[in-house]
Amino acid sequence: MTTIRPRLVELPERYAALDDRGVSNYYWAGHGRYFLGKAVINPFEEALKEETGYSDSKIPRGKKEDIIPVGDIEFHVTTTPTKKRPPLEAVYNHLDSFLDRVSADYAEGRAREGVRTLDSEPYISAMQVLNEIAGKRDEVISEGVRQSIEKALPAYLRDEELKSVLVSVGSNYGRLTPDSAKTYVRSERAVELYSGIIGDFECNLRGLTGYAKGNTPEDTEEMWEQVGSHLFLMQTIPYDSTSYGKIVDALAKEGKKESGDLVRISRNQWDGLDAYRPKTREGEAFISLEGLKGRLGELKGKHTERAIRQPIFHFPLPE
Numbered sequence: 055m056t057t058i059r060p061r062l063v064e065l066p067e068r069y070a071a072l073d074d075r076g077v078s079n080y081y082w083a084g085h086g087r088y089f090l091g092k093a094v095i096n097p098f099e100e101a102l103k104e105e106t107g108y109s110d111s112k113i114p115r116g117k118k119e120d121i122i123p124v125g126d127i128e129f130h131v132t133t134t135p136t137k138k139r140p141p142l143e144a145v146y147n148h149l150d151s152f153l154d155r156v157s158a159d160y161a162e163g164r165a166r167e168g169v170r171t172l173d174s175e176p177y178i179s180a181m182q183v184l185n186e187i188a189g190k191r192d193e194v195i196s197e198g199v200r201q202s203i204e205k206a207l208p209a210y211l212r213d214e215e216l217k218s219v220l221v222s223v224g225s226n227y228g229r230l231t232p233d234s235a236k237t238y239v240r241s242e243r244a245v246e247l248y249s250g251i252i253g254d255f256e257c258n259l260r261g262l263t264g265y266a267k268g269n270t271p272e273d274t275e276e277m278w279e280q281v282g283s284h285l286f287l288m289q290t291i292p293y294d295s296t297s298y299g300k301i302v303d304a305l306a307k308e309g310k311k312e313s314g315d316l317v318r319i320s321r322n323q324w325d326g327l328d329a330y331r332p333k334t335r336e337g338e339a340f341i342s343l344e345g346l347k348g349r350l351g352e353l354k355g356k357h358t359e360r361a362i363r364q365p366i367f368h369f370p371l372p373e
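Per the numbering used here, residue 55 is the first one in the sequence shown, and the count goes up by one each step.
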């Protein structure tokens with residue numbers, strides 16, 4: 055059986071120029087960041103969070119702060135109850151499909167609650183649409199916790215000039231021991247340096263393409279660049295980025311100063327909302343189905359912008 059020895063992770067200087075030395079820094083920074091995250095940082099942070107007793111399945115009634123001393127380091131873990139909001143594209147798609155179904159039912163003469171004919175065209179209750187949005191939003195939102203970690207360090211760790219991190223491969227850094235805590239703190243500092251090297255190097259590479267936010271190609275572009283004895287492929291992939299949350303808020307947000315269109319219509323506040331052609335029947339606000347569909351498309355256009363992804367592929371060249 056092979057004995058695994060402790061691994062000394064050396065910290066390079068922060069250098070990210072497009073030359074062989076920069077590539078070497080970039081390559082080892084990627085490996086170092088992944089290794090320290092997997093071996094030390096992730097298991098230690100999970101252990102700290104578990105120590106609080108809180109999780110997505112055990113939520114405190116309010117914000118809680120737990121002070122967890124490990125050796126001479128004091129960790130402050132803050133647990134905040136939160137509603138975990140996935141991207142609201144599901145809510146937008148549900149509303150779009152719902153309006154299509156309502157239109158199809160109306161065209162085929164099938165009656166629907168909250169839908170009626172006004173001025174020879176289909177109208178729908180503003181409150182009915184708000185209920186559809188709220189129902190789907192509640193469905194995709196789950197309750198859970200957000201946990202953040204801060205630390206109070208002794209002077210010798212706070213002021214330490216860090217040049218390397220010694221990691222005992224195979225040790226359980228998910229155990230809250232003084233040695234694990236010190237290795238965790240040093241690993242965090244190392245990862246911060248590694249992330250800076252990676253970010254600077256990739257920013258320099260991507261800058262060669264000439265593309266960025268606000269300057270995107272029509273179709274996917276590829277650019278090859280040799281840096282010393284290494285070859286890099288940078289792809290620039292354009293795509294439409296839609297802020298679905300802003301669309302949903304524009305329709306259904308309830309605020310003290312500003313509310314969504316449908317909320318205002320339901321309160322008979324119609325100024326600036328002529329696109330919906332709102333009407334009141336028996337004390338209830340109705341909006342044109344076609345007007346709402348048109349406004350939905352308008353909002354999607356307003357809150358969609360062209361964006362890019364720029365993946366980088368690295369190919370070392372043979373000697």
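Even glycine gets a Cβ: it sits at the ideal position worked out from N, Cα and C.
Helix, strand or coil at residue i [DSSP, three-state]
| i | result |
| --- | --- |
| residue 82 | helix |
| residue 165 | coil |
| residue 327 | coil |
| residue 223 | coil |
| residue 135 | strand |
| residue 158 | helix |
| residue 287 | strand |
| residue 106 | helix |
| residue 55 | Because residue 55 carries a pLDDT of 47, less than 50, the predicted location of this residue cannot be relied on, and no value is offered for it. |
| residue 294 | strand |
| residue 363 | strand |
| residue 126 | coil |
| residue 274 | coil |
| residue 97 | helix |
| residue 88 | helix |
| residue 315 | helix |
| residue 322 | coil |
| residue 263 | coil |
| residue 70 | coil |
| residue 198 | strand |
| residue 61 | strand |
| residue 357 | coil |
| residue 187 | helix |
| residue 175 | strand |
| residue 334 | strand |
| residue 113 | coil |
| residue 41 | Not covered by the structure: residue 41. The range shown for the chain is 55 to 373. |
| residue 213 | coil |
Which listed residue (the options) has its alpha carbon closest to that of residue i
| i | options | result |
| --- | --- | --- |
| residue 281 | 101, 95 and 368 | 368 |
| residue 147 | 167, 162 and 186 | 186 |
| residue 82 | 95, 65, 73 and 173 | 65 |
| residue 264 | 288, 142 and 252 | 288 |
| residue 84 | 325, 125, 304 and 246 | 246 |
| residue 183 | 323, 149, 268 and 338 | 149 |
| residue 274 | 285, 290, 266 and 261 | 290 |
| residue 299 | 358, 223, 170 and 97 | 358 |
| residue 219 | 351, 91 and 356 | 91 |
| residue 342 | 145, 328, 355 and 197 | 328 |
| residue 121 | 113, 130 and 115 | 130 |
| residue 60 | 222, 303 and 260 | 222 |
| residue 352 | 126, 175 and 301 | 301 |
| residue 262 | 251, 276 and 252 | 276 |
| residue 345 | 286, 89 and 305 | 305 |
| residue 126 | 167, 169, 210 and 156 | 210 |
| residue 233 | 87, 86 and 124 | 124 |
| residue 168 | 350, 336 and 132 | 336 |
| residue 260 | 363, 312, 189 and 372 | 363 |
| residue 308 | 188, 361 and 155 | 188 |
| residue 456 | 372, 322, 250 and 354 | Residue numbering for the chain in the displayed model covers 55 to 373; residue 456 lies beyond these limits and cannot be assessed. |
| residue 98 | 145, 324 and 235 | 235 |
| residue 78 | 252, 361, 174 and 113 | 252 |
Buried versus exposed call for residue i [16 or more other C-beta atoms within 10 Å across all chains shown]
| i | result |
| --- | --- |
| residue 63 | buried |
| residue 103 | buried |
| residue 192 | exposed |
| residue 332 | buried |
| residue 55 | The pLDDT assigned to residue 55 is 47, lower than 50, so where the model puts this residue is not dependable; a value taken from the coordinates is nonetheless given after this. Per the 10 Å Cβ criterion, exposed. |
| residue 227 | buried |
| residue 339 | buried |
| residue 179 | buried |
| residue 269 | exposed |
| residue 318 | buried |
| residue 320 | buried |
| residue 133 | buried |
| residue 115 | exposed |
Nearest-angstrom Cβ-Cβ length linking residue i and residue j, presumed shorter than 8 angstroms
| i | j | result |
| --- | --- | --- |
| residue 136 | residue 199 | 6 angstroms |
| residue 238 | residue 95 | 6 angstroms |
| residue 370 | residue 297 | Not really, about 40 angstroms apart at Cβ, beyond 8 angstroms. |
| residue 105 | residue 230 | 7 angstroms |
| residue 88 | residue 255 | About 16 angstroms separates the two Cβ atoms, so there is no contact after all. |
| residue 159 | residue 166 | 5 angstroms |
| residue 325 | residue 314 | Not a contact, Cβ separation roughly 14 angstroms. |
query: At a cut of 8 angstroms, does the segment 103–118 reach the segment 232–246 through at least three beta carbon pairs?
result: no
- prompt: Does the segment 199–210 touch the segment 68–75, meaning 3 or more C-beta pairs lie closer than 8 angstroms?
  reply: no
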